[in-house]
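Notes for the one structure printed next.
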Amino acid sequence: MKKAAFILVLCIGLLLAWAAKDFPSWGDPQSPASSSPVASHFIANTGVDTEVPNMVTAVLADYRGFDTMFETVVVFIAGLAVFSILRGGPKNRTRDREFVVDFEPDLIVTNTVRLIVPVIQIFALYVLAHGHVSPGGGFQGGVAMGASFILIALSWDLKTALARFPIERCFTVAALGIVIYAGIGLLSLFLGGEFLDYAHLAKIFPVSPEMARYHAMLGVEIGVGFTVTAIMFALYASLSTDGRMRDGL
Amino acid sequence: MGLELFNTLILCLLVVVAVLSLWVRDLVVSAVVFAIYSFLMCLLWAEMGAVDVAFTEATVGAGVSTVVLIATVFNLKRKAKD
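Those sequence lines, one after another, are chains Y and S.
Just so you know, the first sequence maps onto residues 1 to 249 in this note's numbering.
Just so you know, the second sequence maps onto residues 1001 to 1082 in this note's numbering.
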C-alpha cells in the first residue's frame, strides 16, 4: 500500500514538473498576467486614483477591499472555531505529555525578551502604518504584534501573557477590527458611494478624494491588524493548552 | 548567471527540505524543517521582487505557523507512528 502510494505520488510529481515547462517564463511581458488590461490599468492609475506608492496594498485594501474584508472575517472565524472546539471537548481527557514544563522562567531568556518585545512591537506598528508606502500592511504587522505576545507566553508562561491580553479581550479586539473595517465601508455607503468606496469619505473629512482613499486604506489596515494580532495570540493560547488556558508551554 | 545559480540552488534545497519534513519521525523536527521550507520560499519571493509576499511568508510561514505547530505537537505524542 505504501509503495503504491509512493509510486502514485512520484508519477504525479513528475507530471507536474513536466507541465511546469508550459508556464510563461518569469517576468515575461507576453504572459497572460502581464498583458491583461487589468494589470496595466492598476499600474497606470493607482498613483493617480489613490496617491498610494505601494500598488500591492492599493489593490489589496482598495480595489479588492471586499475580498480582504472577508479574509479578515475568515481569520476571525478560524480563531473562534479553534477556541470553541478545544474549549468544548471532553473535560477529563487523558493527558500524558512527554514534556515536563519547567515552571521557573529562565533569567537570561526573560531579560532578553524584555529587551526584544518593545522593539518587535514598534516594528509591527511601523509595518502596519507604512503598509501603503513600503511592503507590509495589516496582516504582516498584526502577525508580528501577535508574535510578541506569543514570545511573552513562551519565555515566562501563558499566565503572564494572558494577564496582559486576556482571552476574552482577544476576541473583543478581533471583532473590533472587523467592525472598523466594515464601519469604514458602511460610512462610505452612507455618504452616497458604494460599500468600501472610500473616495466619498472626502465629503466629511477635509481632504481630497484621492487622499481620502489613502487614509481610509490606513484605517482598514489598522482594522485588519487588530483582528490578526488578537487571533494569532488566541490561536496559540488555545492550541498550546488544549483549550484549558492554563499550564501552557 | 549568479541569479540563475542561486534560484536553482534554492529550488533543489526546497525539494530536499520538503521530502525531509515528511521523512523525519520526530514531529518537532518536522515543524522546524517546515520553517526552513518557508524561509527558503521567502528568499525566493524576495529575489523575484514580490517583497510583500516574501514578508507575509516570513512572518506567517516561518514565524507564527512554526510556533503553532510546535504548540500543537506539545499536546500530542512527539514521535509519529509511520
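All C-beta atoms, glycine included, are put in the ideal place defined by N, C-alpha and C.
Item, Value
"I need the boundaries of the alpha helix (DSSP H) containing asparagine 1007 of chain S, first residue and last residue.", "1002–1023"
"Tell me whether the stretch 131–139 of chain Y and the stretch 186–205 of chain Y touch, counting them as touching only if at least three CB pairs, one residue from each stretch, are closer than 8 Å.", "no"
"What is the DSSP secondary structure of lysine 203 of chain Y, reduced to helix, strand or coil?", "helix"
"Taking glycine 79 of chain Y as the reference, which of Y:Leu191, Y:Phe171, Y:Ile204, Y:Gly177 has the closest Cα?", "Y:Phe171"
"At a CB-CB cut-off below 7 Å, which residues of chain S make contact with tryptophan 26 of chain Y?", "Met1048"
"What would DSSP say about aspartate 242 of chain Y, mapped onto helix, strand or coil?", "coil"
"Would you kindly check if the distance between the Cβ of valine 52 of chain Y and the Cβ of alanine 58 of chain Y is under 8 Å?", "yes"
"If contacts are defined as beta-carbon pairs under 8 Å, then alanine 202 of chain Y and proline 209 of chain Y qualify, I think. What distance do you get, rounded to the angstrom?", "4 Å"
"Please classify histidine 41 of chain Y as buried or exposed, where buried requires at least 16 other C-beta atoms within 10 Å of its C-beta.", "exposed"
"Buried or exposed: alanine 1035 of chain S, going by 16 or more other Cβ atoms within 10 Å of its Cβ?", "buried"
"Note down, in chain order, each residue of its chain lying with its Cβ closer than 6 Å to the Cβ of leucine 189 of chain Y, except the 5 sequence neighbours on either side.", "Phe195"
"Considering Cα atoms alone, identify which of S:Leu1027, S:Leu1003, S:Val1024, S:Ala1054 is closest to leucine 1040 of chain S.", "S:Ala1054"
"So what's lysine 1077 of chain S in DSSP terms, helix, strand or just coil?", "coil"
"Taking 8 Å as the cut-off, decide whether the C-beta atoms of valine 113 of chain Y and isoleucine 152 of chain Y are in contact.", "yes"
"Taking only beta-carbon atoms, is phenylalanine 139 of chain Y less than 8 Å away from chain S?", "yes"
"Can you round the beta-carbon distance between phenylalanine 233 of chain Y and glycine 141 of chain Y to whole angstroms, since I take them to be within the 8 Å contact cut?", "About 14 Å separates the two Cβ atoms, so there is no contact after all."
"Looking at phenylalanine 66 of chain Y: is its Cβ nearer than 8 Å to the Cβ of isoleucine 178 of chain Y?", "no"
"So, leucine 158 of chain Y versus serine 240 of chain Y, is the Cβ gap smaller than 8 Å?", "yes"
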